[in-house]
């Protein structure tokens with residue numbers, strides 16, 4: 033289960049605000065009791081998030097140039113000379129200092145997104161060899177927040193009420209065939225690791241959580257022509273029919289997605305639309321022209337800013353009331369989304385604010401076969 037299921041359940045008359053969206057996401061990802069192990073595993077695997085990372089900026093350097101003024105020499109007359117001529121000293125004007133080159137201007141979020149859109153268009157001619165698969169590996173980091181009196185489940189706490197927390201990481205892999213109407217394969221790996229711990233008595237709490245939510249076997253799903261089976265007549269996620277319903281004009285695509293999540297304005301709606309657009313990009317299954325429109329639609333969402341950049345990647349953040357933050361990292365050489373994260377609140381409790389609630393890191397390769 034992921035944001036797509038949240039979108040379906042909102043309904044046409046649902047009122048979408050920050051609290052409702054946050055509660056829905058946590059319920060989707062943390063409501064463990066009463067589910068089968070298989071359903072619990074799928075919720076964990078499809079709930080989104082990006083691992084804790086400390087973002088650092090580059091320091092700027094200034095160059096100062098100085099000029100040394102020279103004084104003309106003083107020439108003494110020869111005492112033995114009959115006539116003393118005053119020498120004429122010519123002082124050459126000092127050359128103009130070389131102007132200091134202007135420091136390069138850092139790109140804006142909109143420029144990075146436009147660059148990714150241009151790269152998506154350039155990839156239109158790329159064709160994967162027949163019989164091969166695009167392998168998309170997602171490494172997931174999930175912040176589990178524990179409080180004994182949390183509603184529905186002790187693992188359904190928020191940052192303010194949590195008495196303990198931990199980050200659990202795992203992996204799922206999607207295989208997309210060169211013939212898109214063929215069989216798509218999705219593999220959920222059972223292994224997971226605890227990447228960070230916060231609060232007291234986490235060893236015992238993690239052991240209890242593992243017993244309730246974990247599975248010990250690999251899960252393989254096979255779907256014809258898409259990622260998941262169609263839902264009540266809707267197009268199969270990832271299929272050509274799924275993408276055919278989306279406008280390719282960026283402004284129209286943005287409005288289409290706003291209606292898709294149940295409303296047309298407001299910061300909570302923008303937050304949901306950002307998630308939906310990033311997840312569609314992260315699937316790496318959309319046609320090039322539509323991928324470009326998705327990047328350009330993200331550029332139209334208010335509040336985008338660059339929070340980290342280096343020679344290979346740029347990270348863009350969208351911040352909303354209630355200290356909610358959505359981030360995506362783009363490989364500026366390929367235009368691919370390599371990671372994203374969601375943070376649902378400030379670090380006012382046992383968890384630092386730099387630790388996101390959900391993290392995805394994506395690695396893409398081409399392979400000869402699928403499981």
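Numbering (our numbering), first residue to last: 33 to 403. Cβ coordinates follow ideal geometry from the N, Cα and C atoms, glycine included.
Practice task
Name, in chain order, the residues that DSSP records as bridge partners for residue 170.
Solution key: Paired residue(s): 204 and 394.
Handout entry: For residue 348, the residue or residues it bridges with in DSSP
Key = Beta-bridge pairing links residue 348 to 338 and 360.
Problem - DSSP three-state assignment for residue 245, whether helix, strand or coil - result: DSSP places residue 245 within a helical segment (H, G or I) once states are collapsed to three.
Problem - residue 337 to residue 331 span [Cα, whole Å] - result: Using only the alpha carbons, I get a separation of about 10 Å.
Problem - Terminal residues of the beta strand (DSSP E) in which residue 144 lies - result: No beta strand (DSSP E) contains residue 144, which is instead part of the alpha helix (DSSP H) from 141 to 154.
Practice task
With residue 402 as the anchor, note down where its beta strand (DSSP E) starts and where it stops.
Solution key: For residue 402, no beta strand (DSSP E) run applies, since DSSP gives it neither H nor E.
Exercise for the section: Inspect the beta-carbon positions of residue 199 and residue 238 and report whether they are closer than 8 Å. Expected result: The answer is no: Cβ separation not under 8 Å.
Exercise for the section: Would you check if the distance between the CB atom of residue 286 and the CB atom of residue 324 is smaller than 8 Å? Expected result: No, these two residues do not count as a Cβ contact at 8 Å.
Practice task
In the DSSP assignment, find the unbroken beta strand (DSSP E) run with residue 227 in it and report its ends.
Solution key: Here the beta strand (DSSP E) through residue 227 covers 225 to 231.
Problem - Residues that DSSP places opposite residue 261 in a beta bridge - result: None; residue 261 has no bridge partner.
Problem - Cα-Cα separation between residue 349 and residue 307, rounded to whole angstroms - result: If I take the Cα positions, the gap works out to 12 Å.
Exercise for the section: Would you mind working out which of 244, 277, 215 and 220 sits nearest residue 254, comparing C-alpha positions? Expected result: Closest by alpha carbon: 215.
Problem - C-alpha distance - residue 311 paired with residue 358, whole-angstrom precision - result: Those two C-alpha atoms are separated by around 12 Å.
Exercise for the section: Would you mind reading off the limits of the beta strand (DSSP E) that contains residue 376? Expected result: First-last of the beta strand (DSSP E) with residue 376: 369 to 376.
Exercise for the section: Note down, in chain order, each residue of its chain lying with its Cβ closer than 7 Å to the Cβ of residue 317, except the 5 sequence neighbours on either side. Expected result: Within the same chain, residue 317 has close Cβ partners 208 and 270.
Handout entry: the segment 169 to 188 contacting the segment 135 to 144, beta-carbon criterion three pairs below 8 Å
Key = Put simply, the segment 169 to 188 does not touch the segment 135 to 144. Fewer than three CB pairs are less than 8 Å apart.
Practice task
Give me the Cα-Cα distance between residue 341 and residue 347, rounded to the nearest whole angstrom.
Solution key: Their Cα atoms are separated by approximately 6 Å.
Exercise for the section: May I have the straight-line CA-CA distance separating residue 244 from residue 223, to the nearest angstrom? Expected result: So the two alpha carbons sit approximately 15 Å from each other.
Handout entry: Own chain residues within Cβ distance below 7 Å of residue 261, not counting five before or after
Key = Same-chain partners within the cutoff: 255 and 268.
Practice task
Grab me the residues of residue 106's own chain with a C-beta within less than 7 Å of its C-beta, minus the 5 sequence neighbours each way, in chain order.
Solution key: Because the pLDDT of residue 106 is 41, which lies under 50, any placement of that residue in the model is unreliable, and the question is left without a value.
Exercise for the section: Measure the C-alpha to C-alpha separation of residue 392 and residue 375 and round it to an integer number of angstroms. Expected result: In a straight line, the C-alpha of residue 392 is about 12 Å away from that of residue 375.
Handout entry: Identity of the residues DSSP links to residue 215 by a beta bridge
Key = Paired residue(s): 256.
Practice task
Return yes when at least one heavy atom of the ligand ZN lies under 7 Å from the C-beta of residue 158, else no.
Solution key: The ligand content of the structure shown is nil, which means the ligand ZN is not present either.
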